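As structure tokens, the structure follows; a few thoughts come after it.
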Amino acid sequence: MVIGVLADLGTFWSDFRDTVSANYDELFTRTIEHLSIVAQTALISSAIGIVLGILCARYRERLAPLVIGTASVVLTLPSYALFGYFGVTLGYNDRAVILALTLYAMLPIIRNTYVGLTQVSPAVEESARGMGMSGRQILFRVRLPIALPVIMAGIRQATVLNVAIATIGAAIASGGLGTPIFHAIGRSELTLLLAATILVAAVGIGADLILGLVERILRERYFARARAALLLRLAR
Amino acid sequence: MIVFDHVTKKFGDVIAVNDLSFEIRDGETVMLLGPSGCGKTTTLKMINRLIEHTSGTILVDGKDIEKEDPVQLRRSMGYVIQQAGLFPHLTVGDNIGTVPRLLGWKPARIRDRIVELVELVDLDPAILPRLPRELSGGQQQRVGVARALAADPPVMLMDEPFGALDPITRQRLQEELRRLQQRVKKTIVFVTHDVEEAVTLGDRIAVLNVGGVLEQFDRPARILGRPANAFVADFLGKDRQLRRLSLMSVADADLLPESAEGLPEVPSSSNLRSALDEMLETGRRRLAVRDSDGTIKGVLTLESIMQMSRAI
Amino acid sequence: MSELAALAAGTQPRESRISIGRLVGVPAVIVAAYALVGWELLQRPLNVREVTVLNFHDISRAFGQHLLLTFTALTIALVIALPLGVLLSRSAGIVRAAVFTFANLSQAIPSVALLGLAYVFLGSGPKPAIFALSAFSVLPILRNTVVGLTSIDPAVTEAARGMGMSPLQGLFTVELPLALPVIFAGVRTAVVLNISSATLATFIGGGGLGDILDAGINSNLGRVTLVGAVLVSSLAMFVDWVASLIEAELETRT
Numbered sequence: 001m002v003i004g005v006l007a008d009l010g011t012f013w014s015d016f017r018d019t020v021s022a023n024y025d026e027l028f029t030r031t032i033e034h035l036s037i038v039a040q041t042a043l044i045s046s047a048i049g050i051v052l053g054i055l056c057a058r059y060r061e062r063l064a065p066l067v068i069g070t071a072s073v074v075l076t077l078p079s080y081a082l083f084g085y086f087g088v089t090l091g092y093n094d095r096a097v098i099l100a101l102t103l104y105a106m107l108p109i110i111r112n113t114y115v116g117l118t119q120v121s122p123a124v125e126e127s128a129r130g131m132g133m134s135g136r137q138i139l140f141r142v143r144l145p146i147a148l149p150v151i152m153a154g155i156r157q158a159t160v161l162n163v164a165i166a167t168i169g170a171a172i173a174s175g176g177l178g179t180p181i182f183h184a185i186g187r188s189e190l191t192l193l194l195a196a197t198i199l200v201a202a203v204g205i206g207a208d209l210i211l212g213l214v215e216r217i218l219r220e221r222y223f224a225r226a227r228a229a230l231l232l233r234l235a236r
Numbered sequence: 001m002i003v004f005d006h007v008t009k010k011f012g013d014v015i016a017v018n019d020l021s022f023e024i025r026d027g028e029t030v031m032l033l034g035p036s037g038c039g040k041t042t043t044l045k046m047i048n049r050l051i052e053h054t055s056g057t058i059l060v061d062g063k064d065i066e067k068e069d070p071v072q073l074r075r076s077m078g079y080v081i082q083q084a085g086l087f088p089h090l091t092v093g094d095n096i097g098t099v100p101r102l103l104g105w106k107p108a109r110i111r112d113r114i115v116e117l118v119e120l121v122d123l124d125p126a127i128l129p130r131l132p133r134e135l136s137g138g139q140q141q142r143v144g145v146a147r148a149l150a151a152d153p154p155v156m157l158m159d160e161p162f163g164a165l166d167p168i169t170r171q172r173l174q175e176e177l178r179r180l181q182q183r184v185k186k187t188i189v190f191v192t193h194d195v196e197e198a199v200t201l202g203d204r205i206a207v208l209n210v211g212g213v214l215e216q217f218d219r220p221a222r223i224l225g226r227p228a229n230a231f232v233a234d235f236l237g238k239d240r241q242l243r244r245l246s247l248m249s250v251a252d253a254d255l256l257p258e259s260a261e262g263l264p265e266v267p268s269s270s271n272l273r274s275a276l277d278e279m280l281e282t283g284r285r286r287l288a289v290r291d292s293d294g295t296i297k298g299v300l301t302l303e304s305i306m307q308m309s310r311a312i
Numbered sequence: 001m002s003e004l005a006a007l008a009a010g011t012q013p014r015e016s017r018i019s020i021g022r023l024v025g026v027p028a029v030i031v032a033a034y035a036l037v038g039w040e041l042l043q044r045p046l047n048v049r050e051v052t053v054l055n056f057h058d059i060s061r062a063f064g065q066h067l068l069l070t071f072t073a074l075t076i077a078l079v080i081a082l083p084l085g086v087l088l089s090r091s092a093g094i095v096r097a098a099v100f101t102f103a104n105l106s107q108a109i110p111s112v113a114l115l116g117l118a119y120v121f122l123g124s125g126p127k128p129a130i131f132a133l134s135a136f137s138v139l140p141i142l143r144n145t146v147v148g149l150t151s152i153d154p155a156v157t158e159a160a161r162g163m164g165m166s167p168l169q170g171l172f173t174v175e176l177p178l179a180l181p182v183i184f185a186g187v188r189t190a191v192v193l194n195i196s197s198a199t200l201a202t203f204i205g206g207g208g209l210g211d212i213l214d215a216g217i218n219s220n221l222g223r224v225t226l227v228g229a230v231l232v233s234s235l236a237m238f239v240d241w242v243a244s245l246i247e248a249e250l251e252t253r254t
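What follows is the structure, encoded as structure tokens:
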């Protein structure tokens, strides 16, 4: 019986390899497309999200609960519904997909920017102000750099999420690894489905690892700088 | 009541308690005193089997605890720890009633007992429907003690219960525990690293050294007067003789039947340490001792105090 | 989709206080959405093609299927994740780390792929869909159960043990009640996740409100798509809103 199972695995594996080589170009293209969609989304959502996060930190009482609350409600919406909505209003194209993904990315980025900025130690801000820095200088030279690792963590979260959700975007606009997945489901092709799934998972895990690395580097940099500054001050 | 017979506890290769043997009598309060790492908390927790001993025998009320169901064993002992460990999601009343509920008491009996206990630990019954987080540290500890007493266990295990409190609250609770001891006769095993606390509360003190070695086990006065070795003497600290004096009453001293005219007074109920303090305060070597009925019993001299100090 | 909510809830503490905005805002948005849809449909009544999808019978059937998918999967996930979470919280750190690494990696698999795999092995219909949905929603509940149980003040668990509670008694009278807010946050995440994933069940013939969305998109019937979107979104928002109220209530208890 064991031999039977091994034989099945053997045929399965060769089927798998056949499928991969047959669809190699397609899979490769789709992976690139997928990366492109996610990257575009990451850039746009980071730009908007960080700005909104800064504004929330500035107008803490009134703006923050509203914006963050809205963003978190947006998160509960089923992605297929959101894609459908944008498909109808904007057309069934890449733009709709990216817009929907951007909305989903809002919460992690805005929230992390807000938290990162508001958690800067008041002692640090006070010394910066005491040195004569203006509000904007404090923001860009002190608070944002310190908040950077946290912001990066938010971008990372959002990106990993988007890698998975982008697959559903294929339902309204062909593109990305969602397309082969839907094809495979339609034709009940296990090997293709597995191939595409593994690729998506790989992209997701890869993004997580790489961005995690960036996050760690940013953290180290901050600590190294802070340590250096402290040592300098003590040496005096 | 509690017997340790050659009890050892090892954590891997580390010996936490080393061949410990002693006996705690029914109704007495024994303090486990020593520095960090002397195994006092481990010893305590071996009694209710929160920690299992490696070798030796522990008897409670004549029975080998190894042979008993740990859960049942613990329900027969009160256990109070430093952070109180009150259940944050239950009211004070429900906290106190935990063990009676586990034992299946009738609700009416539980309610009566709770009210009784609240009064016993000197808390306002209005506190019963409150949640632990609304209470001060001292109040929480009192609730912890009440909870441990709820099922009226013959044995109480207390692990530095007053350690996390400020000195004033701690002193107050110590006094109340003393009052409690007189009202409610229980066998109490109390862990502490504070010599003052041990001397105040203990009938006998077990002084433990690092590695769980029992250095001396005796009444406070005798330990203070005759420390068994350099370790005990060191641990007891520099104020050893003064502490001994606080254990001796003015009434027991030799009083001279001389004239008490012009002398500062001290009540016969106070201890020799307070009397010495009064002498230093007034700058006189003699004090008039006044009895509770108002009469002068005699004159207390500095020499007499020093003589008392010499005696064991 | 609420893989987002899952990750977000998992790595950040949940906001638990309900602001007035949230309390009133969410229902207001839902009502407004339906009002808009109703207005639009009054202006231009449904044409023949739209009615084949948007009629009371079909909509209510889809709705019912959706609820069935969601809550059946949730129940199965609870039955699996809660006991497993209790076990894990008492296990050594290595075991926990291993299980969670595996679980987190499996989150990288998109839900539609999991549905697809279920379809390939189990055929079409609600059963494979429920299977996939359950698998997907185990993680949030499992993670929050473990976190909730392991973050209880050790003094409390020691006191419980020391006073003679058996492990089971301690679990039910002390540990679970104290961990409940955190566990429920995980359940909330899981149920919203399920509602979202259930919209994708349509791709494997599992039914649900995704059918309406799918019909609208495939036949290029914009209004059908919009109605489908509003229906399932409002369901998700409503359930999340109710859960947030329960969560806030639980938080005040401990």
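Residue numbers (the numbering used here), protein chains in the order written: chain V, 1 to 236; chain S, 1 to 312; chain H, 1 to 254. We put the beta carbon where it would ideally sit given N, CA and C, even for glycine. Source: prediction; values computed, not measured.
| Asked | Found |
| --- | --- |
| Under a CB-based cut-off of 7 Å, is residue 166(H) close to chain S? | yes |
| With a floor of 4 residues, list each alpha helix (DSSP H) that falls wholly inside the region 213-288 of chain S, ordered by position along the chain. | 220-225, 230-236, 240-246, 272-282 |
| Taking the alpha carbon of residue 235(H) as the reference point, which residue from 210(H), 107(H), 222(H), 123(H) has its own alpha carbon closest? | 210(H) |
| Does residue 18(S) come out as helix, strand or coil in the three-state DSSP assignment? | strand |
| Between which two residues does the beta strand (DSSP E) holding residue 33(S) run? | 29-33 |
| Tell me residue 300(S)'s beta-bridge partners as DSSP assigns them. | 287(S) |
| Alpha carbon to alpha carbon, how far is residue 115(H) from residue 43(H)? | 39 Å |
| Tell me, please, whether the region 207-216 of chain V touches the region 152-162 of chain V by the rule of three or more beta-carbon pairs shorter than 8 Å. | yes |
| If you drop the 5 nearest sequence neighbours on each side, which residues of the same chain put their C-beta closer than 6 Å to that of residue 273(S)? | 242, 245, 246 |
| Roughly how many angstroms separate the alpha carbons of residue 102(S) and residue 191(V), rounded to a whole number? | 58 Å |
| Quick check on the DSSP output: the beta strand (DSSP E) that includes residue 166(H) runs from which residue to which? | Per DSSP, residue 166(H) belongs to no beta strand (DSSP E) and is neither H nor E. |
| What residues in the region 188-218 of chain H bring their beta carbon closer than 9 Å to a beta carbon of chain V? | 192, 195, 196, 197, 198, 199, 200, 202, 203, 204, 209, 210, 213, 214, 216, 217 |
| What did DSSP end up calling residue 23(S) once you bin it into helix, strand or coil? | strand |
| By Cβ distance below 6 Å, which residues in the same chain neighbour residue 216(S) in space, the five residues on each side in sequence not counted? | 207, 223, 228, 232 |
| Determine whether the Cβ of residue 85(S) lies closer than 7 Å to any Cβ atom of chain H. | yes |
| For a test of the three-state rule: what should DSSP assign to residue 152(H), helix, strand or coil? | coil |
| Give the DSSP-derived three-state secondary structure of residue 74(S) in the structure shown. | helix |
| Hey, out of 51(H), 160(H), 67(H), whose CA is closest to residue 194(H)'s CA? | 67(H) |
| Once DSSP output is grouped into helix, strand and coil, what is the label at residue 90(S)? | coil |
| Nearest chain S C-beta to residue 6(H) closer than 7 Å, yes or no? | No answer about residue 6(H) holds up, because its pLDDT of 42 lies below 50 and its placement is not dependable. |
| Can you give the Cα-Cα distance for residue 90(V) and residue 198(V), rounded to whole angstroms? | 31 Å |
| So, helix, strand or coil for residue 56(S), using DSSP? | strand |
| Output needed for residue 308(S): all residues of its chain with C-beta closer than 7 Å, excluding positions within five of it in sequence on either side, in chain order. | 248, 253, 272 |
| Would you mind working out which of 38(H), 202(H), 78(H) sits nearest residue 186(H), comparing C-alpha positions? | 78(H) |
| Between which residues of its own chain and residue 4(H) is the CB-CB distance below 7 Å, once the five residues before and five after are set aside? | Low confidence applies to residue 4(H): its pLDDT is 42, below 50, so where it sits in the model is not reliable, and the reading given next is rough at best. Hits under 7 Å: none found. |
| Name the residue from 74(H), 23(H), 62(H) whose alpha carbon lies nearest to the alpha carbon of residue 192(H). | 74(H) |
| Have a look at 85(S), 293(S), 109(S), 131(S) and flag the residue whose alpha-carbon is nearest the alpha-carbon of residue 145(S). | 85(S) |
| Short check: CB of residue 33(S) to CB of residue 296(S), under 7 Å? | no |
| Note down the Cα distance separating residue 11(S) from residue 156(H), rounded to an integer number of angstroms. | 24 Å |
| With a threshold of 7 Å on Cβ separation, who are the neighbours of residue 115(S) within its own chain once the five nearest residues in sequence on each side are excluded? | 125 |
| Taking contact to mean 3 or more Cβ pairs, one atom from each stretch, closer than 8 Å, check whether the region 52-71 of chain S and the region 5-20 of chain S are in contact. | yes |
| Look at the Cβ atom of residue 138(V), then the Cβ atom of residue 45(V), and state whether they are nearer than 7 Å. | no |
| Between residue 67(V) and the rest of its own chain, which residues show a CB-CB distance below 7 Å, the 5 nearest in sequence each way excluded? | 52, 56, 110 |
| Spatial neighbours of residue 15(H) within its chain, please: CB distance less than 8 Å, with the 5 preceding and 5 following residues excluded, ordered by chain position. | Below a pLDDT of 50, predicted positions are generally treated as unreliable, and residue 15(H), at 46, falls in that range; the measurement from the model is reported next regardless. Closer than 8 Å at Cβ, skipping near neighbours: no residue. |
| Taking residue 203(V) and residue 31(V) to be in contact with their CB atoms under 8 Å, please state how far apart those CB atoms are, rounded to whole angstroms. | 7 Å |
| For residue 284(S) and residue 291(S), what's the separation of their Cα atoms in angstroms? | 20 Å |
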